[in-house]
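Peer 1: One structure is given below, represented as structure tokens, and several questions about it will come after.
Protein chains: 2
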Amino acid sequence: MESSNFLRDVVIGMSDGLTVPFALAAGLSGAVDTTSIIVIAGIAEIAAGSIAMGLGGYLAGKTELDHYNTELKREYYEIENLRHREIEETKEFFASLGLDNEVQEKATEQIAKDPDKWVDFMMKYELGLDKPHPKRATKSAFNIGVSYIAGGLVPLSPYFFISTPFSALQVSVALTIVCLFVFGWAKSKIIGINPWWGALQVTLIGALAAAAAFGVAKML
Amino acid sequence: MESSNFLRDVVIGMSDGLTVPFALAAGLSGAVDTTSIIVIAGIAEIAAGSIAMGLGGYLAGKTELDHYNTELKREYYEIENLRHREIEETKEFFASLGLDNEVQEKATEQIAKDPDKWVDFMMKYELGLDKPHPKRATKSAFNIGVSYIAGGLVPLSPYFFISTPFSALQVSVALTIVCLFVFGWAKSKIIGINPWWGALQVTLIGALAAAAAFGVAKML
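Those sequence lines, one after another, are chains Z and B. Under my numbering, think of the first position of the first sequence as 14, with each following residue one higher. Under my numbering, think of the first position of the second sequence as 14, with each following residue one higher.
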């Protein structure tokens, strides 16, 4: 679970990091004469994007934890003070599974014996909430932000060394397409879909975004 | 459920749309002499970002649906061909709730009578998978993409009409801060957290991203 969360964060950060700065740089390559402005715009985008995504990830994790704790308190309050209603809700859960009245009664009676287990059950199956890790939010913010920076520096790196935008663009396209493909392949392996098909999809999104940005900038 | 998915997509698209193009434009305002390059970079970013996020949303939805259908087939196969093991797994679920052996047996027996209900049960409670809406992926892509564009045009609009970057930046900051605050307030209301605190958080992320982008671009 730990490692799958880590990988999920890297995937979130890196897929946008590889795609958006790549497309922005490609777009500007069609519109300006020197790569210095592309480097500035690219780095500004990476700074903005990594903060927005990283803090976004932090807040999402924080909100999830707050929400869980609020609901947890409410359930403890309810089994104490609205016991009758909670008994009804627990019975309804078993009824929804298609169990007969006798089994509903017995199961509810057994679950209701232990308050902690009962609340656990309500959290998980009535509300569909899993307990989030308390430190998750901070870690998640950091992992997503750093992955975005790492991803974004790939398409931008050729512009550091080559002063003609169109020459830098060619190297950036080649480099980024390879990275998108490898990244898409690895990502698909992790989430368990066909890796070649997944790699193709990720690469196509990146290429499409870059082509659109290039086209739009050229038009203006 | 329908409307909550729609709102979720709008929130995803708009929070990044308001933040990243805002920060990029702010960053470039510290580095260039004319707003025309900011408009080009901003529109290129909005094109790239909306495609990356929209298609990203589409693929996420598509993958979720594929995954659900694969697991659904597997469960039907298993209750047909590995009935004994599935009976064990169903019993284990009830055991994990703290129910005694008799109730485990009876509940399992009753659930296993109807194959469709049984598979439904396994999907939901053994695997924790909810049935995704088949058209979700396409709708989601569209909603996220359009929300990103709508969000992104807010901070960029002053640069269309004002030719001095720093003057445009001042209008953009005022306009976007107000929009971030209103958006953060509405978002917090929807997800059920304190709206003032939520609005403040969203606004601070936007401001921080813009300040970082401005600072980094100024340094270069």
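Each residue gets a CB set at the ideal place from its N, CA and C atoms; glycine is no exception.
#1: I want to see whether chain Z comes within less than 8 Å of MET14 (chain B), judged by CB atoms only; does it?
#2: Mapping the DSSP letters down to three states, classify PRO34 (chain Z) as helix, strand or coil.
#3: In the DSSP assignment, find the unbroken alpha helix (DSSP H) run with GLU102 (chain Z) in it and report its ends.
#4: Taking Cβ positions, are PHE194 (chain B) and THR216 (chain B) nearer each other than 8 Å?
#5: Mind checking whether GLN214 (chain B) and GLY197 (chain B) have CB atoms under 8 Å apart?
#6: Show which residues of chain Z have a CB atom less than 8 Å away from the CB atom of TYR138 (chain B).
#7: Can you list, in chain order, the residues of the stretch 209 to 223 of chain Z whose Cβ is nearer than 9 Å to any Cβ on chain B?
#8: Which term fits VAL23 (chain B), buried or exposed, when burial requires 16 or more other beta carbons within 10 angstroms of its beta carbon?
#9: Compare the beta carbon distance of ARG21 (chain B) and GLY74 (chain B) with 8 Å and say whether it is the shorter of the two.
#10: With THR151 (chain Z) as the anchor, note down where its alpha helix (DSSP H) starts and where it stops.
#11: According to DSSP, is ASP127 (chain B) helix, strand or coil?
#12: Under 8 Å, with one C-beta from each stretch per pair, do the stretch 119 to 139 of chain B and the stretch 114 to 123 of chain Z reach the 3-pair mark?
#13: Judging by CA-CA distance, which residue of Z:VAL159, Z:LYS200, Z:ALA220 and Z:ILE190 is the nearest neighbour of GLY70 (chain Z)?
#14: Threshold first: 4 residues or longer. Then list the alpha helix (DSSP H) segments lying entirely within the stretch 38 to 101 of chain Z, N to C.
#15: How should MET14 (chain Z) be labelled, buried or exposed, when 16 other C-beta atoms within 10 angstroms of its C-beta is the threshold for buried?
#16: Using a Cβ cut-off of 8 Å (strictly closer), state whether GLU105 (chain B) contacts chain Z.
#17: LEU37 (chain Z) and ALA163 (chain B) - do their beta-carbons sit closer together than 8 Å?
#18: Apart from the five residues just before and just after GLY219 (chain Z), which ones in its own chain have a Cβ nearer than 8 Å to its Cβ?
#19: From this set, Z:GLY40, Z:ILE25, Z:PRO168 and Z:VAL186, which residue's C-alpha is nearest MET66 (chain Z)'s C-alpha?
#20: Using DSSP with H/G/I as helix, E/B as strand and the rest coil, what is PRO145 (chain B)?
#21: Pull out every residue of the stretch 109 to 127 of chain Z whose Cβ sits closer than 7 Å to any Cβ of chain B, in chain order.
#22: Contact criterion: CB-CB distance below 8 Å. Does GLY62 (chain B) meet it with respect to chain Z?
#23: Strictly below 8 Å CB to CB, what residues from chain B border LYS130 (chain Z)?
#24: List the residues of chain Z that ILE206 (chain B) touches, going by C-beta distances under 8 Å, in chain order.
#25: Would the stretch 93 to 100 of chain B count as touching the stretch 41 to 59 of chain B if we require 3 or more Cβ pairs under 8 Å?
#26: Where does ILE206 (chain Z) fall in DSSP's three states?
#27: If you reduce the DSSP assignment to three classes, tell me which class LEU182 (chain Z) lands in.
#28: Just tell me which of Z:TRP131, Z:TYR172 and Z:GLU105 has its CA closest to the CA of TYR89 (chain Z).
#29: Please report how far the alpha carbon of ILE157 (chain Z) lies from the alpha carbon of ARG96 (chain Z), in whole angstroms.
#30: Below 8 Å between beta carbons is the criterion; list the residues of the stretch 153 to 180 of chain B that meet it against any residue of chain Z, in chain order.
#31: So if I threshold CB-CB distances at 7 Å, which residues from the stretch 16 to 30 of chain B count as touching chain Z?
#32: Under a three-way DSSP split, which group does ASP113 (chain B) fall into?
#33: Name the chain Z residues whose beta carbon is nearer than 9 Å to that of ILE50 (chain B)?
#34: Apply the 10 Å Cβ neighbour rule to PRO168 (chain Z) and answer buried if 16 or more other Cβ atoms are within range, or exposed otherwise.
Peer 2: Let me spell this out:
#1: If you number the second sequence from 1, residue 14 (chain B) lands on position 1. Because the pLDDT at MET14 (chain B) is just 47, under 50, the model does not fix this residue reliably, and the point stays unresolved.
#2: Reading the first sequence from its first residue, position 21 is the one you call residue 34 (chain Z). In the structure shown, PRO34 (chain Z) sits in a helix (DSSP, three-state: H, G or I).
#3: Counted from its first residue, the first sequence places residue 102 (chain Z) at position 89. That run of the alpha helix (DSSP H) goes 96 to 109.
#4: Numbered from 1 along the second sequence, position 181 holds the residue referred to as residue 194 (chain B). Numbered from 1 along the second sequence, position 203 holds the residue referred to as residue 216 (chain B). The answer is yes: Cβ separation under 8 Å.
#5: Sequence index remark: in the second sequence, residue 214 (chain B) carries index 201 (1-based). Sequence index remark: in the second sequence, residue 197 (chain B) carries index 184 (1-based). For GLN214 (chain B) and GLY197 (chain B), yes; Cβs fall inside 8 Å.
#6: Numbered from its first residue, the second sequence carries residue 138 (chain B) at position 125. Near TYR138 (chain B) (Cβ distances below 8 Å), the residues of chain Z are TYR138.
#7: GLY211, GLN214, VAL215, LEU217, ILE218, GLY219, LEU221, ALA222 and ALA223
#8: Start at 1 with the first residue of the second sequence, and residue 23 (chain B) comes out as number 10. Classification for VAL23 (chain B): buried.
#9: Numbered from its first residue, the second sequence carries residue 21 (chain B) at position 8. Numbered from its first residue, the second sequence carries residue 74 (chain B) at position 61. The answer is no: Cβ separation not under 8 Å.
#10: Translated into the one-based positions of the first sequence, residue 151 (chain Z) becomes position 138. First-last of the alpha helix (DSSP H) with THR151 (chain Z): 149 to 174.
#11: Mapped onto the second sequence, residue 127 (chain B) falls at position 114. If DSSP states are grouped into helix, strand and coil, ASP127 (chain B) belongs with coil.
#12: yes
#13: What you label residue 70 (chain Z) is simply residue 57 of the first sequence in a count that begins at 1. Closest option to GLY70 (chain Z), Cα to Cα, is Z:VAL159.
#14: 48 to 94
#15: Taking the first sequence and counting its residues from 1, one reaches residue 14 (chain Z) at position 1. Annotation note: pLDDT 47 at MET14 (chain Z) (below 50); position unreliable, coordinate value reported separately. Under this definition MET14 (chain Z) is an exposed residue.
#16: As a working mapping, residue 105 (chain B) is identified with position 92 in the second sequence. No - not a single Cβ of chain Z is within 8 Å of the one on GLU105 (chain B).
#17: Within the second sequence, the letter at position 150 stands for residue 163 (chain B). Within the first sequence, the letter at position 24 stands for residue 37 (chain Z). Their beta carbons are not under 8 Å apart, which means ALA163 (chain B) does not touch LEU37 (chain Z) by this criterion.
#18: For the purposes of this step, residue 219 (chain Z) is taken as the residue at position 206 of the first sequence. Only LEU31, THR32, PHE35, ALA36, THR189, ILE190 and LEU193 meet the Cβ criterion.
#19: What you label residue 66 (chain Z) is simply residue 53 of the first sequence in a count that begins at 1. With distances taken between Cα atoms, MET66 (chain Z) lies closest to Z:ILE25.
#20: As a position in the second sequence, residue 145 (chain B) is number 132, starting the count at 1. PRO145 (chain B): coil per DSSP, three-state reduction.
#21: LEU110, GLY111, LEU112, ASP113, VAL116, LYS119, ALA120, GLN123, ILE124 and ASP127
#22: Position 49 of the second sequence, counting from 1, holds the residue named residue 62 (chain B). Yes, GLY62 (chain B) counts as interfacial toward chain Z.
#23: As a working mapping, residue 130 (chain Z) is identified with position 117 in the first sequence. Per Cβ cutoff of 8 Å: LEU110 and GLY111.
#24: Looking up residue 206 (chain B) in the second sequence gives position 193. Result: THR76, ASP79 and HIS80.
#25: no
#26: Against the first sequence, residue 206 (chain Z) aligns to sequence position 193. ILE206 (chain Z): coil per DSSP, three-state reduction.
#27: What you label residue 182 (chain Z) is simply residue 169 of the first sequence in a count that begins at 1. Helix at LEU182 (chain Z).
#28: Along the first sequence, read from residue 1 onward, the residue named residue 89 (chain Z) stands at position 76. Comparing Cα positions, the closest option is Z:TRP131.
#29: Position 144 of the first sequence, counted from the start, is the residue given in the question as residue 157 (chain Z). Position 83 of the first sequence, counted from the start, is the residue given in the question as residue 96 (chain Z). For ILE157 (chain Z) and ARG96 (chain Z), the distance between alpha carbons rounds to 43 Å.
#30: none
#31: SER28 and ASP29
#32: For the purposes of this step, residue 113 (chain B) is taken as the residue at position 100 of the second sequence. In the structure shown, ASP113 (chain B) sits in coil (DSSP, three-state: anything other than H, G, I, E or B).
#33: Position 37 of the second sequence holds residue 50 (chain B). Per Cβ cutoff of 9 Å: LEU41, ALA44, VAL45, ILE50 and ALA54.
#34: Within the first sequence, the letter at position 155 stands for residue 168 (chain Z). With 16 or more other Cβ atoms within 10 Å, it is buried.
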